[in-house]
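As structure tokens, the structure follows; a few thoughts come after it.
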Amino acid sequence: MPSVYDRFSLVSDFSLAGDQERAIGELVDGLERGDRCQTLLGVTGSGKTFTMAQTISRVNRPTLVMVHNKTLAAQLFQEFRRFFPDNAVEYFVSYYDYYQPEAYVPATDSYIEKEATINDEIDRMRLSATRSLFERRDVIIVASVSCIYGLGSPEAYYGMLLPLERGQRMGREQILRKLVEIQYERNDHDFGRGTFRVRGDIVEVYPSYEEQRSILEGEGRLLEAQRLHQRTMFDLEMIREIGYCHGIENYARHLTGRAPGEPPPTLLDYLPNDALIIVDESHQTVPQVRGMYHGDRSRKEVLVAYGFRLPSALDNRPLNFEEWEKRVHQVIFVSATPGPYELSKSQGVVVEQIIRPTGLIDPPIDVRPVKGQVDDLLQEIRTRVDHKERVLVTTLTKRMAEDLTSYYQELGVKVRYLHSDIETLERVQILRDLRRGEFDVLVGINLLREGLDLPEVSLVAILDADKEGFLRSGGSLIQTSGRAARNVNGRVIMYADTITDSMRVCIGETERRRALQQAYNEEHGITPQSIVKQIDEVMSSVYERDYMTPATVRDGTERFKTQAELDAHVAALQVEMKAAAINLDFEKAAAIRDTIKRLRNPELGVPWPTSHHHRGPNAA
Numbered sequence: 010m011p012s013v014y015d016r017f018s019l020v021s022d023f024s025l026a027g028d029q030e031r032a033i034g035e036l037v038d039g040l041e042r043g044d045r046c047q048t049l050l051g052v053t054g055s056g057k058t059f060t061m062a063q064t065i066s067r068v069n070r071p072t073l074v075m076v077h078n079k080t081l082a083a084q085l086f087q088e089f090r091r092f093f094p095d096n097a098v099e100y101f102v103s104y105y106d107y108y109q110p111e112a113y114v115p116a117t118d119s120y121i122e123k124e125a126t127i128n129d130e131i132d133r134m135r136l137s138a139t140r141s142l143f144e145r146r147d148v149i150i151v152a153s154v155s156c157i158y159g160l161g162s163p164e165a166y167y168g169m170l171l172p173l174e175r176g177q178r179m180g181r182e183q184i185l186r187k188l189v190e191i192q193y194e195r196n197d198h199d200f201g202r203g204t205f206r207v208r209g210d211i212v213e214v215y216p217s218y219e220e221q222r223s224i225l226e227g228e229g230r231l232l233e234a235q236r237l238h239q240r241t242m243f244d245l246e247m248i249r250e251i252g253y254c255h256g257i258e259n260y261a262r263h264l265t266g267r268a269p270g271e272p273p274p275t276l277l278d279y280l281p282n283d284a285l286i287i288v289d290e291s292h293q294t295v296p297q298v299r300g301m302y303h304g305d306r307s308r309k310e311v312l313v314a315y316g317f318r319l320p321s322a323l324d325n326r327p328l329n330f331e332e333w334e335k336r337v338h339q340v341i342f343v344s345a346t347p348g349p350y351e352l353s354k355s356q357g358v359v360v361e362q363i364i365r366p367t368g369l370i371d372p373p374i375d376v377r378p379v380k381g382q383v384d385d386l387l388q389e390i391r392t393r394v395d396h397k398e399r400v401l402v403t404t405l406t407k408r409m410a411e412d413l414t415s416y417y418q419e420l421g422v423k424v425r426y427l428h429s430d431i432e433t434l435e436r437v438q439i440l441r442d443l444r445r446g447e448f449d450v451l452v453g454i455n456l457l458r459e460g461l462d463l464p465e466v467s468l469v470a471i472l473d474a475d476k477e478g479f480l481r482s483g484g485s486l487i488q489t490s491g492r493a494a495r496n497v498n499g500r501v502i503m504y505a506d507t508i509t510d511s512m513r514v515c516i517g518e519t520e521r522r523r524a525l526q527q528a529y530n531e532e533h534g535i536t537p538q539s540i541v542k543q544i545d546e547v548m549s550s551v552y553e554r555d556y557m558t559p560a561t562v563r564d565g566t567e568r569f570k571t572q573a574e575l576d577a578h579v580a581a582l583q584v585e586m587k588a589a590a591i592n593l594d595f596e597k598a599a600a601i602r603d604t605i606k607r608l609r610n611p612e613l614g615v616p617w618p619t620s621h622h623h624r625g626p627n628a629a
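In terms of the numbering used here, the sequence shown is residues 10 to 629.
So this is what it looks like as structure tokens:
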């Protein structure tokens, strides 16, 4: 293996500041001692990602960084790529743009077929991640909990490789036969990933993990039994004839020779034994890992009970929590609010990182009465907008987010809302638009917390802060307040009529941190400065739009600055509409058609294309 692939090379304009050097030293010492679990308790904006990068560079081990959502994974992936441009920084998340799992609802006797749309770019990046682990040690993989789902054994994966080197001698027919064996398809016309074509003595291969090609020169039980027998025999016939079938993953236990109940091979099995695991935002990621197994098993037990799947399908599953723990040899939990699991596992090995390199202190918290909160917040928003700063507002319900957004828009505020009902996956684009100043205020529910790096935000407003619950727990309030900690003018306003226990926890912890930070700044003569961070281009090939504006603003047409932008958006909608119609999802197709009609409203001055490929607004 080339030595150039053995070492991490950290590239950064930053220098260690605050208590980063101490934190990194303690983490590295713990890893070298063999401590199994450590926790980095770093406040928002203290440079935890840089601390992780420095730790990885110093211990020089392959590293898996686990996070709990795709948005944060994309952000960390981009940051680690900047820190390690000469090393293999990979991205491993679910490759589904759309996923409807197989299920059965006994109450309505409804069987739901599995439906999925795979994102080709994410599929390529996942394959690139596994390939890197076979070829080199200077690997960092940023992954969601997708990494605990079955992937196929490393041994089987290695058997599906065709190693080729420059100057290697191998017969042409031998190469073609091996390509077919490893499921590459010969296609001389539509040349894409996972295909090859032959032109004379030249074989062109488009690897699955690359962006460019390579050139080589009765009764209920009886009914269920019949249904199960019919489905299984059909699947076996498909496997015998063409090598695979729809839902082949449900036969993984038989195909891999695993014993009943044996855990599936996952990305964790591809890692070397001395790999470092970093669990970012561990207070969220750890519970998510814990819950994946139970949710998957509950759904599949119904499929098995009603004869849609063999009992062995239960072994096509993610790891359970105990199995995940056994595969995690040395781990660093990273969070501003570590949970009880992390603290107990670390056995007191908690590394605090309270001081920010920029000298910024935690934002002060102001508690104001609920009565008149909307109008009071409006005045605060206008003050921030005058200073070209941004505002985040958190509400408790989707309805309140929509109503508040509509009200502020009628008053001339540039505002959008964000919530989980919006169908597609991506939240990166709207956050980028907020940073660029395309709008000033973002209203959300539970989406404005961990990992969002928004230095332009100087005010976080928490409406109904005294309503105890998951969204207003002590940890949630600390995380939400931290979104204002990257701006020197940062401030948090909690609207509440009473001070709850959760609010006391948040306010008390904030005051403790502020005291330590102010003392450090005074001792070292540091003047706080806002964090300066470049606005990255969005990974548009990986994500789709995930935001909307209320109907009062003509279906988002204010986003389009030019005719070309609007035309491109309408063209994308037309593709989505046709795909929905092909899938017999006529309600979705009709909804998209109506959206296109509104976007093409003559009063907007946007005529229908005259191309013969379109039949006008009623084409759907």
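In this text, a Cβ means the ideal position worked out from N, Cα and C, and glycines have one as well.
In terms of CA proximity to residue 369, 539 leads the group 595, 539, 142 and 90.
When C-beta atoms of the stretch 304-323 are compared with those of the stretch 490-506, fewer than three pairs fall below 8 Å, so the two segments do not count as touching. Taking 4 residues as the minimum length, the alpha helix (DSSP H) runs contained wholly in the stretch 243-290 are 261-265 and 276-279, in order along the chain. For residue 23, no beta strand (DSSP E) run applies, since DSSP gives it neither H nor E.
Counting only unbroken stretches of 4 or more residues, the alpha helix (DSSP H) elements lying wholly within the stretch 142-199 are 163-168 and 181-190, in sequence order.
If you ignore the 5 residues before and after residue 258, its C-beta comes within less than 6 Å of the C-beta of 325, all in its own chain and listed in chain order. Residue pairing from DSSP places residue 51 in a beta bridge opposite 362. Judged by DSSP in its simplified three-state form, residue 236 adopts helix. For residue 470, the closest alpha carbon among the candidates 282, 592 and 451 is that of 451. Of the other Cβ atoms in all chains shown, fewer than 16 fall within 10 Å of the Cβ of residue 211; this residue is therefore exposed. Residue 114 sits exposed, since fewer than 16 C-beta atoms from the chains shown fall within 10 Å of its C-beta. For residue 293, the closest C-alpha among the options 193, 480 and 203 is that of 480. Exclusion of the five residues before and after residue 88 leaves 58 as the residues of its chain whose Cβ lies within less than 7 Å of its Cβ. The DSSP-derived three-state label of residue 38 is helix. Runs of the beta strand (DSSP E) lying entirely within the stretch 470-539, each at least 3 residues long, are 500-504 in chain order.
The C-beta of residue 109 has fewer than 16 other C-beta atoms within 10 Å across all chains shown, which makes the residue exposed. Inter-segment contact for the stretch 148-156 and the stretch 72-81 is present: three or more beta-carbon pairs are separated by less than 8 Å. In this model, residue 183 and residue 159 are separated by some 31 Å (Cα to Cα).
Residue pairing by DSSP places residue 75 opposite 152 and 288 in a beta bridge. Boundaries of the alpha helix (DSSP H) around residue 601: 595-608. In this structure residue 17 touches residue 66 by the C-beta definition: roughly 5 Å separates them, less than 8 Å. Checking the DSSP bridge columns, you'll see residue 340 partnered with 46 and 286. The DSSP-derived three-state label of residue 317 is coil. Under the DSSP assignment, residue 416 falls in the alpha helix (DSSP H) whose first and last residues are 407-419.
Residue 360 and residue 166 have their C-alpha atoms some 39 Å from each other. The beta carbon of residue 136 lies closer than 6 Å to those of 217 and 218 in the same chain, with the five residues before and after it left out.
Within the same chain, 345, 346, 514, 515, 518 and 519 come within 8 Å of residue 487 by CB-CB distance, once the 5 residues on both sides are set aside. In the structure shown, residue 68 adopts helical secondary structure according to DSSP, grouped into three states. Rounded to whole angstroms, the gap between the alpha carbons of residue 382 and residue 523 is 26 Å. Inclusion of residue 79 and residue 102 in the CB contact set at 9 Å is warranted, their separation being smaller than that value. Cβ contact annotation for residue 192 (same chain, cutoff 6 Å, sequence separation greater than five): none. For residue 97, the uninterrupted beta strand (DSSP E) run begins and ends at 97-101, by DSSP. The Cβ atoms of residue 280 and residue 68 lie no closer than 9 Å to each other. DSSP places residue 353 outside any beta strand (DSSP E); the residue lies instead in the alpha helix (DSSP H), whose first and last residues are 349-355.
Assignment of residue 377 by DSSP, reduced to helix, strand and coil, places it in the strand class. For residue 403, the uninterrupted beta strand (DSSP E) run begins and ends at 399-403, by DSSP.
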